[in-house]
Each structure stands twice: as C-alpha cells, then as structure tokens.
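Novice: Mind looking over this structure? Questions follow.
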Amino acid sequence: MKAMPPVFRFAPSPNGHLHLGHAYSALLNFDRACETGGRLLLRIEDIDAARCRPEYEVAIEEDLAWLGMAWETPVRRQSEHLSDYRAALEKLSALGLVYPAFESRAEIARLVAAREADGPWPRDPDGAPLYPGDARSLSADQRSRLIESGTPYALRLDMMAACRRVAGVTWNELGEGPDGAHGIVPARPEAWGDVILARKETPTSYHLSVVVDDALQGISEVVRGQDLFHATSVHRLLQALLGLPEPAYRHHVLIRDGEGRKLSKSSLSTGLRELRKAGASPASVRRLVGLNQVSLGVSKTPP
C-alpha cells in the first residue's frame with residue numbers, strides 16, 4: 001500500500017499582524033511539506049471572539065502568499081467547528097474527568113496568595129500558579145445550583161484522575177526542546193494541574209481544540225515553537241484519553257528581538273507588513289530568520 005503523504009499545518013490566531021517569528025514557523029512548515037512531498041494546511045484559530053478580527057485573517061493570507069507560500073483550501077476556521085470540540089468535551093465528561101470551577105480570576109489570585117503564606121505555591125511550566133480551588137469537592141446539587149444561577153465557570157480537567165487513566169504517555173520529538181530534549185520524550189501533564197478545557201462563554205480552550213483539529217485534519221507532523229514544547233504533555237494526554245492519533249512533533253527555536261525577548265504582534269520593527277513597506281523581499285525575510293543556513297535538525301539555531 002502506498003504511504004500517505006505527510007500533513008503539516010500553520011495555525012495562527014487572527015488577533016494581530018504576523019511578525020518574523022510567525023514567518024519562521026510558517027516557512028518551516030512550508031519547506032517541510034515541499035521537502036517531503038507532503039500537504040500544507042492553514043488553520044485559523046479564531047475561538048477568542050473578543051480579540052480575533054476578519055481583517056487580520058485577510059492580512060495573514062496576504063502575508064503568507066507574499067512569502068511565496070501555498071496551502072490547501074478550504075481553510076479550517078475553529079469558530080465554524082464548535083460542535084467538534086463540544087463532542088470531545090462530552091466524551092471526557094462521560095469519563096468523569098471534567099468538573100466546573102466557579103472561582104473568578106481575582107478569587108484564584110487571592111487563594112494563591114493565601115496558600116503562599118505557607119510557602120511557594122506550585123506553578124505550571126509557563127509560570128502560572130496551578131489551580132488552588134476545591135471545586136472538585138462540590139456535590140452535583142451544588143454545581144447544578146451554581147450553573148442554574150448563572151454563575152460563570154470554567155470546565156477543568158481532573159488531572160490526577162486523567163493521569164491515572166492513561167499513564168506513561170510519551171511523544172516523538174523530531175526537533176529539540178528548550179532543554180535539548182529529543183527523541184522519545186516522557187509527557188508530564190501533571191505539571192500543569194487541572195487545566196481549563198472550556199468556559200461558560202467559550203466552548204473550548206487551546207489545549208482541547210488543537211488536538212481535535214490535528215486529528216480531524218490528519219496532521220502527521222506538528223512543527224511549532226519551543227514555547228509550546230511543555231504544553232505537548234497536555235496535548236498527548238488528551239489525545240490518549242480521546243483515542244486520537246499521535247502526530248510527531250518538531251519544536252523549533254524562537255526568533256527573538258535584540259534583547260532576547262520573544263516577539264509579539266505589537267513588535268512593529270519585526271512585523272511583516274512593516275518590513276514589506278520598508279522594502280524587504282521574501283528572500284530577505286528568509287535571510288533575517290536564518291533559513292538560508294538553518295536546517296530543521298536539532299543542532300542549529302537561527303542568528
């Protein structure tokens with residue numbers, strides 16, 4: 001049987017204009033698809049209705065086309081597929097792994113401060129404090145009353161129960177983690193605590209939607225920045241719980257500014273549209289991010 005071509009994706013959020021960091025990640029995916037005879041998909045991650053704008057989506061496609069990239073259509077927009085995420089959430093709920101938590105962000109901050117009176121409170125790999133509340137202990141009647149009263153809530157994954165259900169999860173790292181990890185990497189989702197899977201007003205989270213999308217689109221190799229390396233532990237756990245296929249992962253170094261900071265969409269000096277206005281060419285953008293001399297291996301980093 002003839003092997004299926006590998007499938008790659010670039011998945012930006014339309015909440016701002018693309019910068020050099022986005023260009024680097026997009027071009028790596030494009031180059032990998034070209035090198036392997038694979039397919040490249042574009043996914044628009046527009047779940048955050050408060051920040052995402054149609055004009056940014058148009059600008060994303062313009063910038064990618066200017067870079068010389070091509071991708072398959074139609075483009076998948078997360079906002080058009082909420083039922084897919086709802087079905088995954090219902091499956092996790094049926095396993096007894098999801099519970100509503102009703103604390104506001106301010107209440108969580110106060111709880112963390114109170115816990116830290118006795119010493120440091122644990123934080124996730126991104127530096128955010130783990131969920132400090134006790135919503136798991138609420139009875140079904142208490143939860144129902146709070147939901148019926150209109151109290152805002154977040155749906156959280158019972159991490160301890162989830163890890164007991166699928167222990168020993170790993171992933172195949174083809175790139176390099178921020179600590180040099182490569183090859184078969186043990187997942188450590190417990191480091192994230194009871195992550196949010198959805199909110200009352202938002203039917204999914206990044207963690208949940210990304211694994212559902214990757215599975216439905218048949219993504220075989222996820223090429224993305226090292227800032228998401230540790231989050232892969234949560235993604236692999238969710239894939240195992242939901243019975244979804246496991247892609248390979250290739251995390252790449254981040255393009256940083258002159259002071260070593262990760263680029264943001266507010267960094268006008270590195271924005272693709274600003275560079276174009278200043279006379280940059282697609283070839284010069286490739287040189288700026290080091291793609292004229294950087295392979296996708298594990299040993300090199302862009303300048």
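Number 98 in the UniProt record's numbering belongs to position 98 of the sequence shown; there are no gaps in the numbering.
Note that CB positions come from ideal geometry on N, CA and C, so glycine has one too.
Can you tell me which residues form a DSSP beta bridge with residue 322?
Specialist: The first residue shown for the chain is 1 and the last is 303, placing residue 322 beyond what the model contains.
Novice: So is V289 buried or exposed if we call it buried at 16+ other beta carbons inside 10 Å?
Specialist: For the purposes of this step, residue 289 is identified with residue 289 of the sequence shown, where counting begins at 1. When all chains shown are included, V289 counts as buried.
Novice: Can you tell which of A49, E61, C52, P54 has its C-alpha closest to the C-alpha of L41?
Specialist: What you label residue 41 is simply residue 41 of the sequence shown in a count that begins at 1. Distances from the CA of L41 to each of A49, E61, C52, P54 were compared; the closest alpha carbon is that of E61.
Novice: Does the beta-carbon distance from A154 to A101 come in below 8 angstroms?
Specialist: Within the sequence shown, the letter at position 154 stands for residue 154. Within the sequence shown, the letter at position 101 stands for residue 101. Cβ distance < 8 angstroms, so A154 and A101 count as in contact.
Novice: Can you tell me where the alpha helix (DSSP H) holding L242 begins and where it ends?
Specialist: Sequence index remark: in the sequence shown, residue 242 carries index 242 (1-based). Counting along the chain, the alpha helix (DSSP H) containing L242 begins and ends at 232 to 242.
Novice: Can you give me the C-alpha to C-alpha distance between R250 and E173, rounded to a whole angstrom?
Specialist: Working through the sequence shown from its first residue, we reach residue 250 at position 250. Working through the sequence shown from its first residue, we reach residue 173 at position 173. Their Cα atoms are separated by approximately 6 angstroms.
Novice: Quick one: what does DSSP say K91 is sitting in, helix, strand or coil?
Specialist: Translated into positions along the sequence shown, residue 91 becomes position 91. Looking at K91 - three-state DSSP - the assignment turns out to be helix.
Novice: Quick one: what's L40 bridged to in DSSP?
Specialist: As a working note, residue 40 is residue 40 in the sequence shown. Answer is F8.
Novice: Could you give the residue range of the beta strand (DSSP E) that holds E221?
Specialist: The residue given as residue 221 occupies position 221 in the sequence shown. Per DSSP, E221 belongs to the beta strand (DSSP E) from 221 to 225.
Novice: Quick check on C34: buried or exposed, where buried means 16 or more other Cβ atoms within 10 Å of its Cβ?
Specialist: The residue labelled residue 34 in the question sits at position 34 within the sequence shown. The residue is exposed, with fewer than 16 neighbouring Cβ atoms inside 10 Å.
Novice: N172 bridges to which residues according to DSSP?
Specialist: The residue given as residue 172 occupies position 172 in the sequence shown. Answer is I184, bridged to N172.
Novice: Counting along the chain, where does the alpha helix (DSSP H) carrying H81 start and finish?
Specialist: For the purposes of this step, residue 81 is taken as residue 81 along the sequence shown, with counting starting at 1. Note, H81: premise wrong, no alpha helix (DSSP H); not H, not E.
Novice: Using a 10 Å radius around the Cβ and a threshold of 16 neighbouring Cβ atoms, would you call A198 buried or exposed?
Specialist: Against the sequence shown, residue 198 aligns to sequence position 198. Answer is buried; the Cβ neighbour count reaches 16.
Novice: Counting C-beta neighbours from all protein chains within 10 Å, is the total for D213 16 or more, i.e. buried, or is it exposed?
Specialist: Here residue 213 is taken as the residue at index 213 of the sequence shown, counted from 1. Result: buried.
Novice: Within the same chain, show all residues whose beta-carbon is closer than 6 angstroms to that of W121, passing over the 5 residues directly before and after it, in chain order.
Specialist: Position 121 of the sequence shown holds residue 121. These residues qualify, in order along the chain: V112, R115, P129.
Novice: How far does the beta strand (DSSP E) with residue 315 in it extend, from its first residue to its last?
Specialist: The structure shown does not extend to residue 315, since the chain spans only 1 to 303, so no value can be given for it.
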